[in-house]
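K.L.:
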Amino acid sequence: MVRFMEKGLFITFEGCEGSGKTTVSKYLYNRLKEEGYDVIYSREPGGVDIAEQIRAVILNVRNTAMDPRTEALLYAASRRQHLAEIVLPALKAGKIVLCDRFVDSSLVYQGYARGIGIDKVWELNQFAIDDCMPDLTLYYDVDVETGLSRVRSRGEMNRLDSENVEFHKSVRKAYQMIAEKYPERIVTIDSNRPLREVEEESYTLLKKRINRYE
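Counting along the sequence shown from 1, when you hit position 192 you're at 516 in the working numbering, and nothing is skipped either side.
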């Protein structure tokens, strides 16, 4: 039996490269489906055809000449298309939406690490998201060296994976700043620990939030 909710629920997953957020978010999606929830899983950038095409441009290792503002604009464009086609209709239908990355990624990667400015990137994205913000964001905090080691072990690295260590340290610092600024929405999870522990803590936090809306 499919378990519907009175209103849709938007959950996002954030973290540095190699934080484990994708693995954990897919685990949670499968577990919720097994429990009968009406849940969908998607990712940013991407999730729908047009947004996936933009993703291919953003992450292409050949595009080293990309200007930071161009990068920010492409992420915002991809985000809007993904929202229009996937997230907003699903929320309207009362579904649970699990999304691997959302606007926080732009704030930390382009706003802080690229030096554009968090406020400027936030203003840019207002046009794209039109006040649609997550009900809960799980942020997976990992030591930069640990995260990059995990990425390297996967083999293939994209354009952002290949940035220098200082860039990734800036990303982590910005995530920590944002998590501290928005504690009512963002919950920090230590993902230096074994995967099973991270999955169970994430599940507990997610179910606690779902229970508020059932």
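Beta carbons: idealized from backbone N, C-alpha and C, even for Gly.
Predicted model only: the values in this text are computed from it and were never measured.
1. Please list, in chain order, all residues of the same chain as ALA400 whose beta carbon is under 6 Å from its beta carbon, the five residues on each side excluded.
2. Can you tell me where the beta strand (DSSP E) with ASP443 in it begins and where it stops?
3. Please report the straight-line C-alpha distance between GLU524 and SER366, rounded to a whole angstrom.
4. Tell me whether GLY479 sits in a helix, a strand or coil according to DSSP, three-state version.
5. What residue does the alpha helix (DSSP H) around LEU530 start on, and which one ends it?
6. Return the CA-CA distance between HIS492 and ASN516, expressed in angstroms with no decimal places.
7. In three-state DSSP terms, what is TYR506?
8. Give a yes or no on contact between the stretch 419 to 432 and the stretch 374 to 389, applying the rule of three or more CB pairs nearer than 8 Å.
9. Per DSSP, THR303 forms a beta bridge with which residues?
10. Label LEU546 either buried or exposed according to how many other C-beta atoms from any shown protein chain fall within 10 Å of its C-beta, with 16 as the threshold for buried.
11. Measuring only the C-alpha atoms, how far is LEU333 from TYR353?
12. What runs of the alpha helix (DSSP H), each 4 residues or longer, lie entirely inside the stretch 364 to 424?
13. Taking one C-beta from the stretch 458 to 474 and one from the stretch 494 to 506 each time, how about it: are there three or more such pairs within less than 8 Å?
14. Skipping 5 residues on each side, what residues in its chain have a beta carbon closer than 7 Å to that of PRO458?
15. Measuring only the C-alpha atoms, how far is ILE440 from GLU359?
16. According to DSSP, is ASP428 helix, strand or coil?
17. From the DSSP output, which residues share a beta bridge with VAL468?
P.N.:
Working from what's here:
1. LEU448, ASN449, ALA452
2. Per DSSP, ASP443 belongs to no beta strand (DSSP E); it is in the alpha helix (DSSP H), 442 to 453.
3. 21 Å
4. coil
5. 519 to 537
6. 16 Å
7. coil
8. no
9. Examination of residue 303 is not possible in this model, given that the chain is present from 325 through 538 alone.
10. Missing from the structure shown is residue 546; the chain here goes from 325 to 538 and no further.
11. 13 Å
12. 373 to 383, 392 to 406, 412 to 416
13. yes
14. PHE334, ILE335, THR336, PHE426, ARG509
15. 43 Å
16. helix
17. The partner list for VAL468 (beta bridge, DSSP) is empty, contrary to what the question assumes.
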